[in-house]
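Worksheet for the structure shown next.
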Amino acid sequence: MNPDLAQERRRATFDPEQVTSLLYRGPENVRKRRYLQNAAIQDQVLRGSKPWAFQSRVEQYETALQMFIYMMKKLDEMGVTDPLERMYYQEAGAPHYYNPMALHTGMFIPSIEKQGTKEQKERWLPMARSLQLIGTYAQTEMGHGTFIRGLETTASYDPSNQEFVLNSPTVTSMKFWPGGLGKTSNCCLVMAQLITQGKKRGIHLFFVQIRDLKTHRHMPGVESGDIGPKFGFNSNDNGYLKLSNVRIPRENMLMRYSKVLEDGTYVPPTNQRIGYGTMVFVRAHIVTNSARGLSKACVIAIRYSAVRRQTEVSPGGPEAQIIDYQTQQYKLFPLLATAYAMYFTGRYAEDYYEQIASEIEAGNLESLNQLHAVCAGLKAFSTWACTAGIETCRLCCGGHGYSHASGIPKLYTYYTPGCTYEGENNVMMLQVARFLMKIYPDIKRGGPIHEFVQYLGADLTQKSCMTEEV
Amino acid sequence: ALGCLLKAFQHRAARLLSDAAARIENLVRSGKSRQEAWDASTVALTWAAKAYCHTFVVRTFSQIVSDAAVDKSTKDVLTALCKLYAIDGIIENLGEFIEDGFFSPHQVSFLKNKLADLLAEIRPNAVALVDAFDYPDKTLDSCLGRYDGQVYPALYEYAKNSPFNEQEVLDSYHKFIKPAQTE
Numbered sequence: 002m003n004p005d006l007a008q009e010r011r012r013a014t015f016d017p018e019q020v021t022s023l024l025y026r027g028p029e030n031v032r033k034r035r036y037l038q039n040a041a042i043q044d045q046v047l048r049g050s051k052p053w054a055f056q057s058r059v060e061q062y063e064t065a066l067q068m069f070i071y072m073m074k075k076l077d078e079m080g081v082t083d084p085l086e087r088m089y090y091q092e093a094g095a096p097h098y099y100n101p102m103a104l105h106t107g108m109f110i111p112s113i114e115k116q117g118t119k120e121q122k123e124r125w126l127p128m129a130r131s132l133q134l135i136g137t138y139a140q141t142e143m144g145h146g147t148f149i150r151g152l153e154t155t156a157s158y159d160p161s162n163q164e165f166v167l168n169s170p171t172v173t174s175m176k177f178w179p180g181g182l183g184k185t186s187n188c189c190l191v192m193a194q195l196i197t198q199g200k201k202r203g204i205h206l207f208f209v210q211i212r213d214l215k216t217h218r219h220m221p222g223v224e225s226g227d228i229g230p231k232f233g234f235n236s237n238d239n240g241y242l243k244l245s246n247v248r249i250p251r252e253n254m255l256m257r258y259s260k261v262l263e264d265g266t267y268v269p270p271t272n273q274r275i276g277y278g279t280m281v282f283v284r285a286h287i288v289t290n291s292a293r294g295l296s297k298a299c300v301i302a303i304r305y306s307a308v309r310r311q312t313e314v315s316p317g318g319p320e321a322q323i324i325d326y327q328t329q330q331y332k333l334f335p336l337l338a339t340a341y342a343m344y345f346t347g348r349y350a351e352d353y354y355e356q357i358a359s360e361i362e363a364g365n366l367e368s369l370n371q372l373h374a375v376c377a378g379l380k381a382f383s384t385w386a387c388t389a390g391i392e393t394c395r396l397c398c399g400g401h402g403y404s405h406a407s408g409i410p411k412l413y414t415y416y417t418p419g420c421t422y423e424g425e426n427n428v429m430m431l432q433v434a435r436f437l438m439k440i441y442p443d444i445k446r447g448g449p450i451h452e453f454v455q456y457l458g459a460d461l462t463q464k465s466c467m468t469e470e471v
Numbered sequence: 610a611l612g613c614l615l616k617a618f619q620h621r622a623a624r625l626l627s628d629a630a631a632r633i634e635n636l637v638r639s640g641k642s643r644q645e646a647w648d649a650s651t652v653a654l655t656w657a658a659k660a661y662c663h664t665f666v667v668r669t670f671s672q673i674v675s676d677a678a679v680d681k682s683t684k685d686v687l688t689a690l691c692k693l694y695a696i697d698g699i700i701e702n703l704g705e706f707i708e709d710g711f712f713s714p715h716q717v718s719f720l721k722n723k724l725a726d727l728l729a730e731i732r733p734n735a736v737a738l739v740d741a742f743d744y745p746d747k748t749l750d751s752c753l754g755r756y757d758g759q760v761y762p763a764l765y766e767y768a769k770n771s772p773f774n775e776q777e778v779l780d781s782y783h784k785f786i787k788p789a790q791t792e
């Protein structure tokens with residue numbers, strides 16, 4: 002043990018175990034988390050060969066694929082079903098790789114669960130869980146991102162043989178970026194503009210098989226591939242997809258909420274926003290995920306700052322620990338506080354989602370607007386703080402922070418996509434603003450409003466009562 | 610004290626929202642459509658939205674710390690951290706907090722002094738606070754962030770993994786450097 006770090010631990014005025022329990026919701030959860038992490042760390046199969054940074058992209062992809070398939074089966078054998086507990090195991094087992102099947106388990110399966118009919122769930126979910134179907138969520142197009150209504154991919158209903166015909170009519174309409182789409186997946190949920198009885202009916206989800214289940218070769222009319230190396234996520238085959246007159250049966254449209262009948266009659270959902278659930282769910286979890294990224298960077302930078310000594314404070318004296326410089330503290334400690342703030346806020350957002358989700362399932366959408374706005378805003382706020390914070394942590398590690406050996410560049414490239422995926426952050430903030438402006442007349446009138454926003458009607462002429470004690 | 614800091618965030622969010630709404634109304638009164646007025650106010654709207662989110666985070670943090678079932682010494686450390694988050698948030702966005710005179714110059718000095726005090730207060734607990742995140746070394750995958758602090762031997766071991774070090778003299782030396790030296 003480094004003597005400086007040992008000394009730091011001796012001088013602490015509190016018991017870190019209590020804080021760990023608070024972060025992970027009690028000692029029992031901490032125990033489970035450690036058990037799963039240790040199981041992964043001690044597993045011989047998961048002890049990697051050379052460090053990931055020295056591997057080629059293909060080696061990274063293959064290693065990640067091997068590890069994550071192994072871990073999925075192992076977790077099933079152990080009977081671990083809770084997504085958070087599975088994540089703890091996977092994070093310890095293959096921390097340096099992005100899961101090539103992340104979209105399969107994180108978006109494809111949950112979307113079928115939430116938006117599929119009973120028959121669709123019975124047909125696809127067992128195959129998906131046993132990896133006969135490996136799917137992804139194909140929403141983003143080369144020329145279209147957060148503005149979903151602008152997607153160009155079409156699904157035209159042909160009542161003569163009760164099929165949808167899917168097309169990518171332009172280069173910009175090609176699906177671009179979905180994780181696992183390039184080489185791993187054999188099917189996907191495609192977001193496309195539904196056209197039936199000659200009318201556009203808005204964006205809907207369609208189950209499309211893109212590769213043969215036995216040979217893994219492309220289905221007729223399908224062209225897909227990997228989009229090449231990125232800033233990070235290089236163990237993942239983020240892909241492109243071009244659809245040319247691809248025919249799928251009517252039953253392949255996810256029809257829990259809106260439907261197309263055999264004759265082409267369109268039955269709209271009871272509420273247009275009912276399908277927002279998955280999106281809100283993902284955004285709520287991004288907040289905790291951002292906290293995880295920032296906290297890891299803080300662990301690295303703060304421990305290193307206690308070990309690293311630089312420059313004698315007085316001539317001829319010993320070099321000081323860099324954590325003792327006030328400027329270093331000013332860079333790091335607010336970030337440490339931010340990591341805690343984001344952890345607790347993420348936990349709150351997840352709990353709030355769970356609470357509202359059951360109301361949504363029951364058809365009560367009253368709180369959906371509030372939840373949608375809160376999650377959009379927190380997603381943006383936390384990912385900005387995380388990305389900027391990791392960069393500051395890198396700078397706090399001097400020259401070594403630039404090396405992959407520090408672990409910080411990997412964290413940065415792993416977490417910074419959060420600023421643009423699942424909704425570009427400025428767009429997210431404008432969604433919050435739209436929500437706030439919508440309720441602003443009620444705020445001014447003193448009408449009934451949610452507790453989250455009650456303070457917005459406060460008297461603006463008031464001044465702070467802060468005293469020297471703060 | 611946390612309540613007093615939270616009030617500052619609430620005031621800022623309410624004021625920025627009111628400013629954005631007033632801007633839109635003024636533009637509408639001057640003849641722009643609602644949509645044009647919105648489009649011409651998106652920066653102000655973004656400020657208001659960020660302030661709303663920031664307030665939400667401060668509120669949640671202070672609420673969870675206040676409700677936490679931990680002993681006094683742990684609560685004191687978490688409270689200091691929460692205060693630091695709030696005060697740093699104010700100082701980093703000071704313009705938005707003083708634009709309407711909500712804080713006086715005196716109060717801003719109090720905040721700056723408190724910031725320095727909190728840095729010193731948190732200093733002895735900084736390593737224990739990051740230990741509390743409880744990340745195993747394998748998860749961090751960092752030579753610098755190791756639990757045992759053996760940073761420099763770890764950097765040396767890591768360097769040895771570089772494929773460049775598999776050969777004492779690289780082929781590229783014979784292909785490019787040597788000919789250049791001969792010429």
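Top line first, the protein sequences correspond to chains S and L. Per the numbering used here, the very first residue in the first sequence carries number 2; after that it's consecutive. Per the numbering used here, the very first residue in the second sequence carries number 610; after that it's consecutive. We put the beta carbon where it would ideally sit given N, CA and C, even for glycine.
For residue i, which beta-bridge partners are listed by DSSP?
i: valine 478 of chain S; result: This structure does not reach residue 478 of chain S, given that chain S is present from 2 up to 471, and the question cannot be answered.
i: proline 250 of chain S; result: S:Glu164
i: glutamate 766 of chain L; result: Glutamate 766 of chain L pairs with nothing; no bridge assigned.
i: alanine 156 of chain S; result: S:Leu167 and S:Leu195
i: glutamate 362 of chain S; result: Paired residues: none, contrary to the question.
i: glycine 448 of chain S; result: Glycine 448 of chain S is not bridged to any residue.
i: isoleucine 204 of chain S; result: S:Gln194
i: leucine 242 of chain S; result: S:Lys176 and S:Ser225
i: lysine 260 of chain S; result: S:Val268
Given that residue i touches chain S, what residues does it touch there, using C-beta distances under 8 Å?
i: aspartate 631 of chain L; result: Checking the sequence, you will find alanine at residue 631 of chain L rather than aspartate. Going along chain S, no residue has its Cβ under 8 Å from alanine 631 of chain L, so there is no contact; the nearest lies around 10 Å.
i: aspartate 606 of chain L; result: Since the first and last residues shown for chain L are 610 and 792, residue 606 of chain L lies out of range.
At 9 Å on the CB atoms, spell out the chain S contacts of residue i, in chain order.
i: valine 637 of chain L; result: Those within 9 Å of valine 637 of chain L in chain S number zero; the least Cβ separation is about 12 Å.
i: leucine 720 of chain L; result: Met467 and Val471
So residue i and residue j are supposed to be a Cβ contact under 8 Å. How far apart are they, rounded?
i: threonine 414 of chain S; j: phenylalanine 232 of chain S; result: 5 Å
i: valine 667 of chain L; j: leucine 614 of chain L; result: 7 Å
i: tyrosine 489 of chain S; j: arginine 34 of chain S; result: This structure leaves residue 489 of chain S out entirely; chain S is present only between 2 and 471.
i: isoleucine 135 of chain S; j: histidine 105 of chain S; result: 5 Å
i: valine 454 of chain S; j: glycine 758 of chain L; result: The Cβ separation is near 47 Å, so there is no contact.
i: phenylalanine 177 of chain S; j: threonine 137 of chain S; result: No, phenylalanine 177 of chain S and threonine 137 of chain S are not in contact; Cβ-Cβ is about 12 Å, not under 8 Å.
i: glutamate 132 of chain S; j: proline 101 of chain S; result: Per the sequence shown, residue 132 of chain S should be read as leucine rather than glutamate. That pair is no contact at about 12 Å.
i: glycine 144 of chain S; j: threonine 173 of chain S; result: 3 Å
Specify the secondary structure class of residue i as computed by DSSP and reduced to three states.
i: valine 308 of chain S; result: helix
i: methionine 192 of chain S; result: strand
i: glutamine 322 of chain S; result: strand
i: glutamate 224 of chain S; result: strand
i: valine 166 of chain S; result: strand
i: tyrosine 98 of chain S; result: coil
i: phenylalanine 177 of chain S; result: strand
i: serine 675 of chain L; result: helix
i: isoleucine 149 of chain S; result: helix
i: glutamate 777 of chain L; result: coil
i: arginine 469 of chain S; result: Inspection of the sequence shows that residue 469 of chain S is occupied by glutamate rather than by arginine. Here glutamate 469 of chain S sits in coil by DSSP.
i: arginine 11 of chain S; result: helix
i: glycine 698 of chain L; result: helix
i: valine 314 of chain S; result: coil
i: threonine 472 of chain S; result: This structure gives no information on residue 472 of chain S, because the portion of chain S shown stretches from 2 to 471.
i: isoleucine 211 of chain S; result: coil
i: arginine 26 of chain S; result: coil
i: glutamate 142 of chain S; result: strand
i: histidine 286 of chain S; result: helix
i: histidine 219 of chain S; result: strand
Given that residue i touches chain S, what residues does it touch there, using C-beta distances under 7 Å?
i: lysine 747 of chain L; result: Ile42, Ala93 and Pro96
i: histidine 783 of chain L; result: Going along chain S, no residue has its Cβ under 7 Å from histidine 783 of chain L, so there is no contact; the nearest lies around 23 Å.
i: glutamine 619 of chain L; result: Tyr456 and Ala459
i: isoleucine 673 of chain L; result: Phe345
Below 7 Å on C-beta distance, what does residue i contact in chain L?
i: valine 300 of chain S; result: Val739, Phe742, Tyr744, Leu749 and Gly754
In chain L, what lies closer than 8 Å to residue i by C-beta?
i: arginine 304 of chain S; result: Val736, Val739, Leu753, Gly754, Arg755, Tyr756 and Gly758
Any C-beta of chain L within less than 7 Å: which residues of the region 36-60 of chain S qualify?
Gln38, Ile42, Lys51, Pro52 and Phe55
Going along the region 410-435 of chain S in order, which residues come within less than 9 Å of chain L, judged by CB to CB distance?
Lys411, Leu412, Asn427, Met429, Met430, Leu431, Gln432, Val433, Ala434 and Arg435
For the region 320-331 of chain S, list every residue whose C-beta sits within 7 Å of some C-beta in chain L, in sequence order.
Ile324, Gln327, Gln330 and Tyr331
Give me the subset of the region 732-745 of chain L whose CB atoms are less than 7 Å from a CB atom of chain S, sorted by chain position.
Arg732, Pro733, Asn734, Ala735, Val736, Ala737, Leu738, Val739, Asp740, Ala741, Phe742, Asp743, Tyr744 and Pro745
Listed from N- to C-terminal order along the chain, which residues in the region 757-775 of chain L have their beta-carbon within a distance smaller than 7 Å of any beta-carbon of chain S?
Asp757, Gly758, Gln759, Val760, Leu764, Tyr767, Asn770, Ser771 and Pro772
Got a sec: which bits of the region 243-267 of chain S sit with their beta carbon under 9 Å from any beta carbon on chain L, in order along the chain?
none
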